[in-house]
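A.B. asks: What follows is a structure written as structure tokens; I'll ask about it next.
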Amino acid sequence: MALSGRTLEPIREWAAGIAPLGLDSLAPCALDPTDLIQRGDFSQGDPSVRYHILFVGAHPDDIELGAFFLATQEVVPKSFIVFSHGEVGAARAKDARRVRVEDVWTRVEEAIDSATKLGARKTIVASLPDTKLFKHKDAMVSILRDFRSNLVNGYDHKDVELVVVTHGPFDLHSDHFAVYEAVRAAARPNTPVLHMVIQASAPSAAEELARKTDTAYFIEGDQTKITKIRDHLSNCFPTQVARGTIDLDKVCRDLGTAAVCRQFFLLSSDVPPLPTEFMDLLNIGTRSETT
Ligand SMILES: [Zn+2]
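So in our numbering, the last one in the sequence shown is 295, and the numbering has no gaps at all.
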């Protein structure tokens with residue numbers, strides 16, 4: 005997908021500026037973190053559904069890998085926030101200490117393309133530095149709070165209820181953990197926050213993690229959904245698939261088999277449970293149903 009427009013130019017200039025200098029020049033962030041790439045409009049929201057799902061990821065493709073079964077549903081309006089361009093991953097994948105402009109830029113384009121194809125009403129890609137998100141929690145909290153105000157103002161009805169899907173407290177990646185902390189700091193006490201299980205290496209690991217928490221939710225999958233995620237990832241993240249940073253076989257294997265296929269989400273005990281109405285809308289199951 006080709007992107008153009010005035011708001012994108014600073015990114016291009018920034019990437020062009022740091023590219024000859026190598027990876028180390030990425031920190032501190034050379035670009036204004038408040039310079040957000042934004043697509044879409046809240047006013048497209050369906051007024052008959054009072055929920056809105058906000059997916060929040062540290063890097064391009066985190067949401068797709070961790071929450072595809074939820075992100076692909078079409079019943080509840082959704083938006084995406086991605087906090088970094090994933091520029092370090094792009095550089096590492098090339099086995100080079102240099103960041104190529106095209107690689108950084110492609111990851112941004114892929115993130116927006118994917119969110120658009122998944123039907124996101126609003127997509128925001130921030131320019132916070134990959135691997136250094138823990139230094140930018142205030143900026144993330146501010147972006148999240150602005151999102152909420154704009155969402156409420158953009159809806160015709162004012163009682164829109166947000167459900168946030170993001171990384172979890174168990175996630176060992178420092179960027180993922182920083183995003184989790186920012187979401188918890190920004191979320192209102194009555195906002196349910198579901199955590200994606202990206203790190204699990206197999207369905208049994210996801211089940212094991214689910215057993216350790218008070219509440220685990222899941223969405224049942226099948227072969228059609230597995231085929232759908234494979235097609236989506238190869239269409240929307242071709243460079244990541246080509247580099248092997250997205251392993252399609254592994255992603256599909258991790259989701260399970262045609263007979264047992266579930267994508268898990270965890271909920272801490274100190275946040276509100278998912279509203280029953282929301283669960284019914286999306287056919288979300290709970291752990292108790294698995295035992
Ligand atoms: Zn990530």
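The C-beta atom is built at its ideal place from N, Cα and C for all residues, glycine as well.
Using the rule of at least 16 other Cβ atoms within 10 Å of the residue's Cβ for burial, across every protein chain shown, is R125 buried or exposed?
C.D. replies: Flag for R125 reads buried.
A.B. asks: Quick check: H89 and V60, are their CB atoms within less than 9 Å of each other?
C.D. replies: Going by C-beta atoms, H89 is not nearer than 9 Å to V60.
A.B. asks: Pull up the distance between the alpha-carbon of S178 and that of P196, whole angstroms please.
C.D. replies: Cα to Cα, S178 sits roughly 22 Å from P196.
A.B. asks: Using 8 Å as the Cβ pair cut-off and three pairs as the minimum, do the segment 158-173 and the segment 131-147 touch?
C.D. replies: Counting Cβ pairs under 8 Å, fewer than three are found: no touch.
A.B. asks: So Q267 and F73 are in contact, right, with Cβ under 8 Å, and what is the actual spacing, rounded?
C.D. replies: That belief holds up - the Cβ atoms of Q267 and F73 are roughly 4 Å apart, short of 8 Å.
A.B. asks: What residue from M200, Y55, E91 has the CA that sits closest to P64's CA?
C.D. replies: It is E91 whose Cα lies nearest to the Cα of P64.
A.B. asks: Between which residues of its own chain and V183 is the CB-CB distance below 8 Å, once the five residues before and five after are set aside?
C.D. replies: Taken in chain order, the residues that qualify are V60, G61, A62, F87, L137, M144, T170, H171.
A.B. asks: Assuming contact is defined by CB atoms lying nearer than 9 Å, are M283 and I67 in contact in what I supplied?
C.D. replies: Not in contact: M283 and I67 (Cβ atoms no closer than 9 Å).
A.B. asks: Could you check whether the Cβ of H63 sits closer than 8 Å to any heavy atom belonging to ligand 1?
C.D. replies: Yes - ligand 1 has a heavy atom lying nearer than 8 Å to the Cβ of H63.
A.B. asks: Buried or exposed: where does V79 fall if 16 or more other Cβ atoms within 10 Å of its Cβ makes it buried?
C.D. replies: V79 is exposed by the Cβ-count criterion.
A.B. asks: Taking the DSSP output, what are the residues bridged to V167?
C.D. replies: Answer is I57, bridged to V167.
A.B. asks: Check the C-beta distance from A119 over to F84 and give it rounded, since I have them as a contact under 8 Å.
C.D. replies: Yes, A119 and F84 are in contact; Cβ-Cβ is about 4 Å, under 8 Å.
A.B. asks: Does the Cβ of T135 have 16 or more other Cβ atoms within 10 Å, making it buried, or fewer, making it exposed?
C.D. replies: T135 is buried by the Cβ-count criterion.
A.B. asks: When you compare each of H140, S52, L40, L155 to A186 by their alpha carbons, which one comes out closest?
C.D. replies: Out of H140, S52, L40, L155, H140 has the C-alpha closest to the C-alpha of A186.
A.B. asks: Considering only the alpha carbon of each residue, which of G260, L69, A75, P81 lies closest to Y55?
C.D. replies: Of the listed residues, the one whose Cα sits closest to Y55 is P81.
A.B. asks: Quick check on this structure: which residue in I116, Q227, A130 has the alpha carbon closest to the alpha carbon of N239?
C.D. replies: Closest by alpha carbon: I116.
A.B. asks: Can you determine whether any heavy atom of ligand 1 sits closer than 8 Å to the C-beta of D66, and answer yes or no?
C.D. replies: Answer for D66: yes, Cβ within range of ligand 1.
A.B. asks: I think I223 touches V255, with their Cβ atoms under 8 Å apart; what is that distance to the nearest whole Å?
C.D. replies: Actually they are not in contact, since the Cβ atoms of I223 and V255 sit about 15 Å apart, beyond 8 Å.
A.B. asks: List the whole-angstrom C-beta distance separating L252 from L237, where the pair is believed to meet the contact cut-off of C-beta under 8 Å.
C.D. replies: Rounded, the Cβ-Cβ distance is 6 Å, consistent with contact.
A.B. asks: When the distance is taken between beta carbons, is L69 closer than 9 Å to I288?
C.D. replies: Cβ atoms of I288 and L69: not closer than 9 Å.
A.B. asks: Evaluate T127 with the Cβ neighbour count: other Cβ atoms within 10 Å of its Cβ, from every protein chain shown; 16 or more gives buried, anything less gives exposed.
C.D. replies: Buried is the call here.
A.B. asks: Comparing alpha-carbon positions, which option in D45, Q244, A71, L40 lies nearest D4?
C.D. replies: The structure shown does not extend to residue 4, since the chain is modelled only from 5 through 295, so no value can be given for it.
A.B. asks: Please classify L278 as buried or exposed, where buried requires at least 16 neighbouring CB atoms within 10 angstroms.
C.D. replies: Buried is the call here.
A.B. asks: Does the beta-carbon of D179, which I'm using as the reference point, lie nearer than 8 Å to any heavy atom of ligand 1?
C.D. replies: Yes, since a heavy atom of ligand 1 falls inside the 8 Å radius drawn around the Cβ of D179.
A.B. asks: DSSP on I114, reduced to helix/strand/coil?
C.D. replies: In the sequence as presented, Ile is not what sits at residue 114; that position holds Glu. Helix.
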